[in-house]
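Heads up: the sequence lines are chains P and X, in that order. Numbers given in this note's numbering equal positions in the first sequence, counted from 1, plus 11. Numbers given in this note's numbering equal positions in the second sequence, counted from 1, plus 11. Note that CB positions come from ideal geometry on N, CA and C, so glycine has one too. A quick note: this is a predicted structure, and the numbers were derived from the prediction, not measured. Data block below; observations after.
Number of protein chains: 2
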Amino acid sequence: MSEKRNQIIDIACQLMETQGYHATGLNQILAESGAPKGSLYYYFPDGKEELGVAVVANSGRLIEQRIRGVMAEIEDPITAVTTFITMLAAQVEAADYRAGGPITAIALESASTSDRLRDACHQVYQRWQDVFAEKLRQGNFDEARVRRLASIIISALEGGIILSRSQHSPQPLLDVAAEIGVLLQCHV
Amino acid sequence: MSEKRNQIIDIACQLMETQGYHATGLNQILAESGAPKGSLYYYFPDGKEELGVAVVANSGRLIEQRIRGVMAEIEDPITAVTTFITMLAAQVEAADYRAGGPITAIALESASTSDRLRDACHQVYQRWQDVFAEKLRQGNFDEARVRRLASIIISALEGGIILSRSQHSPQPLLDVAAEIGVLLQCHV
DNA sequence: GTCTATAATACGATAGAC
DNA sequence: GTCTATCGTATTATAGAC
Numbered sequence: 012m013s014e015k016r017n018q019i020i021d022i023a024c025q026l027m028e029t030q031g032y033h034a035t036g037l038n039q040i041l042a043e044s045g046a047p048k049g050s051l052y053y054y055f056p057d058g059k060e061e062l063g064v065a066v067v068a069n070s071g072r073l074i075e076q077r078i079r080g081v082m083a084e085i086e087d088p089i090t091a092v093t094t095f096i097t098m099l100a101a102q103v104e105a106a107d108y109r110a111g112g113p114i115t116a117i118a119l120e121s122a123s124t125s126d127r128l129r130d131a132c133h134q135v136y137q138r139w140q141d142v143f144a145e146k147l148r149q150g151n152f153d154e155a156r157v158r159r160l161a162s163i164i165i166s167a168l169e170g171g172i173i174l175s176r177s178q179h180s181p182q183p184l185l186d187v188a189a190e191i192g193v194l195l196q197c198h199v
Numbered sequence: 012m013s014e015k016r017n018q019i020i021d022i023a024c025q026l027m028e029t030q031g032y033h034a035t036g037l038n039q040i041l042a043e044s045g046a047p048k049g050s051l052y053y054y055f056p057d058g059k060e061e062l063g064v065a066v067v068a069n070s071g072r073l074i075e076q077r078i079r080g081v082m083a084e085i086e087d088p089i090t091a092v093t094t095f096i097t098m099l100a101a102q103v104e105a106a107d108y109r110a111g112g113p114i115t116a117i118a119l120e121s122a123s124t125s126d127r128l129r130d131a132c133h134q135v136y137q138r139w140q141d142v143f144a145e146k147l148r149q150g151n152f153d154e155a156r157v158r159r160l161a162s163i164i165i166s167a168l169e170g171g172i173i174l175s176r177s178q179h180s181p182q183p184l185l186d187v188a189a190e191i192g193v194l195l196q197c198h199v
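Structure follows, in structure tokens:
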């Protein structure tokens, strides 16, 4: 893996995270990374779409590591999940509501326009869900519920990011953390 | 209110719903609505941003009506909320995962780039939250919990739309419906 | 292999005719 | 008020020099 290639991905990741996929031009990415236009098409022959896939894969893997880290560090599954969401709220706030990962934006913008990007996002979400599910199996839930819980955790997380960024407040994500905590204690 | 103006908003709403805000060009909106370019800038002197605000306001009001309709029709607050989410899942599936409202996309794409659009989305979310909160007050929740529950309902809804569209399946939204149902029965 | 120069096109926006 | 023609500048992508 080339160093320059990774640098392009990193810059693209940052820009797409704050601006979105379509609002981020290749020119801007190249200007900020210092790389010339030709090298982008050398590393990513299929252009912006292929770069987008790389951004999703890279950022997806990074966030998966973070989830795994918190899940490994905190033994109680309920505390582990709510702590991760609370940490996310703090990160979004600390970034002045310009962060929250590029995947939410790319997933939404590509949902009906690029199967390739859509599938990349889908796979990332699946992996995150698996990580949460694995931890939840430590709790007293049957397998179907584990899958459902891991699913709504991702949904509430992604939605919470949108709301928090929209209203410039960590509150929506903190609400998610609190009520997911309640939900995980609930065996109806 | 002009008829042509509404037509432009409607077309813009549809296109931004499937493609997103930045991916939808003014030229495309005008081509599909049949209106000439000049009339767009007559109705929306501030250009695309003002049109976006109109799209958010219009779509926000429409969806608010739908929420109010279901909340009024179904007496039990828990059933009312879960039914609305289940209906949404069916609508997204019926639209071949190209629907889900333009606001999610616009909110995310404008979060860090346009305070005007961001605020329009924020206000819409606030209104939806108020509608759900009003209904939840029929249940046995204290006021702080009502606010938190209404908040996570919106978050899970928005995130569920993204996941359902990403994986071309109603399952994530159905998971949200099921677990929100559990959460609303839970008084910890 | 790395980069520059340029192509072709679409963008949002405006000026001005009617 | 309504619409047409056009402007300047983005966009993505490519061709070809080194």
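By how many angstroms is the C-alpha of residue j removed from the C-alpha of residue i?
i: L168(P); j: S175(P); result: 10 Å
i: A189(X); j: A161(X); result: 16 Å
i: A106(X); j: M27(X); result: 14 Å
i: A100(P); j: I173(P); result: 11 Å
i: E86(P); j: A23(X); result: 49 Å
i: Q178(P); j: T124(P); result: 28 Å
i: R72(X); j: D21(X); result: 13 Å
i: L62(P); j: E145(X); result: 45 Å
i: F31(P); j: H33(X); result: In the sequence on display, residue 31(P) carries Gly and not Phe. Each residue's Cα considered, the two are about 9 Å apart.
i: F152(P); j: H198(P); result: 8 Å
i: T97(X); j: V81(X); result: 11 Å
i: V135(X); j: A46(P); result: 41 Å
i: R16(X); j: Q25(X); result: 15 Å
i: T94(P); j: R148(P); result: 17 Å
i: G36(X); j: A42(X); result: 10 Å
i: G171(X); j: E84(P); result: 28 Å
i: F55(P); j: Q39(P); result: 16 Å
i: L44(X); j: Q137(X); result: The sequence shown places Ser at residue 44(X), rather than the Leu named in the question. Cα-Cα distance, rounded: 31 Å.
i: G192(X); j: T29(P); result: 34 Å
i: Y53(P); j: S13(P); result: 11 Å
i: W139(P); j: G49(P); result: 35 Å
i: F143(P); j: Y108(X); result: 25 Å
i: G150(P); j: G150(X); result: 28 Å
I think residue i touches residue j, with their Cβ atoms under 8 Å apart; what is that distance to the nearest whole Å?
i: P181(X); j: V92(X); result: In fact, because the Cβ distance is near 17 Å, the residues do not count as touching under 8 Å.
i: Q18(X); j: I89(X); result: Not quite, the Cβ-Cβ distance comes to about 39 Å (not below 8 Å), so this is no contact.
i: C132(X); j: A118(X); result: 4 Å
i: P183(P); j: S121(X); result: Between S121(X) and P183(P) the Cβ distance is about 17 Å, and since that is not below 8 Å, they are no contact.
i: I163(X); j: D141(P); result: At roughly 23 Å, the Cβ-Cβ gap does not stay under 8 Å, so I163(X) and D141(P) are not in contact.
i: L194(P); j: L194(X); result: 5 Å
*If we count Cβ pairs, one from each stretch, closer than 8 Å, do we get three or more for the stretch 113–125 of chain X versus the stretch 56–67 of chain X?*
yes
_Contact between the stretch 70–86 of chain P and the stretch 151–158 of chain P is defined here as three or more beta-carbon pairs at a separation below 8 Å; is this criterion met?_
no
*Touch check for the stretch 44–64 of chain X and the stretch 122–140 of chain X: three-plus C-beta pairs under 8 Å?*
yes
*Taking Cβ-Cβ distances below 7 Å as the criterion, which residues of the stretch 167–185 of chain X are in contact with chain P?*
A167, L168, E169, G170, G171, I173, L174, R176, S177, Q178 and P183
*Mind listing which residues of the stretch 153–164 of chain X have their C-beta closer than 7 Å to chain P's C-betas, in chain order?*
R159, L160, S162 and I163
*Looking at chain X, which residues of the stretch 115–148 of chain P have a Cβ within less than 7 Å of any of its Cβ atoms?*
T115, A116, A118, L119, E120, A122, S123, T124, R129, C132, H133 and Y136
*Closer than 7 Å, Cβ to Cβ, to anything on chain X: give me those residues from the stretch 15–42 of chain P, in chain order.*
T29, Q30, G31, H33 and A34
_chain P contacts made by the stretch 186–197 of chain X, where a contact means CB separation under 8 Å_ = D186, V187, A189, E190, I191, V193, L194, Q196 and C197
*asked:* Any C-beta of chain P within less than 8 Å: which residues of the stretch 89–110 of chain X qualify?
replied: Y108 and R109
*Using a beta-carbon distance cut-off of less than 7 Å, what residues from the stretch 52–85 of chain P approach chain X?*
none
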